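With the UniProt record's numbering, you'll find the sequence shown wraps up at 80, consecutive numbering, no jumps. The C-beta atom is built at its ideal place from N, Cα and C for all residues, glycine as well. Just so it is clear, the structure is predicted and the values come from calculations on it, not from any experiment.
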Amino acid sequence: EAIWRLCKPKMVCESMAIGQQDESHKSKEPKHDHGGCGNIQPEVRRKGLKLYGTWKPQKGHDESEGQQPEEKDITPQMAL
1 EAIWRLCKPK MVCESMAIGQ QDESHKSKEP KHDHGGCGNI QPEVRRKGLK LYGTWKPQKG
61 HDESEGQQPE EKDITPQMAL
C-alpha cells in the first residue's frame, strides 16, 4: 500500500539531471542517482490475477496527438 502511493504519480523513470547533481553537493544530505532510463511508465491495474498496463500518449509530441491510451497485458517476462 505504501509503495503503491509513492509510485502511483510517477509516470517517467527519472534519473538525476546534471544541474541537480551540483545542487546535491551543497545540501547536507546528498541524493543518490538511481540510474533511471527515462522511459514512460504505465498506469498498472489488476484484473483478477492479471496485470494490465495503460500507456498514455506523451503531451507535446505532434505524432501522439489524437492517439488513444494503449492497454496491454503485463507478462512475467516484461516485469523482470
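Beyond the five residues adjoining it in sequence on each side, arginine 45 comes within less than 6 Å, by CB distance, of Tyr52 in the same chain, given in chain order. One thing to note: lysine 56 has its Cβ within 9 Å of the Cβ of methionine 11.
Beyond the five residues adjoining it in sequence on each side, glutamate 43 comes within less than 6 Å, by CB distance, of Thr54 in the same chain, given in chain order.
Beyond the five residues adjoining it in sequence on each side, cysteine 7 comes within less than 6 Å, by CB distance, of no other residue in the same chain. Excluding sequence positions up to five before and after asparagine 39, its CB lies within less than 6 Å of the CB of Cys13, all in the same chain and listed in chain order.
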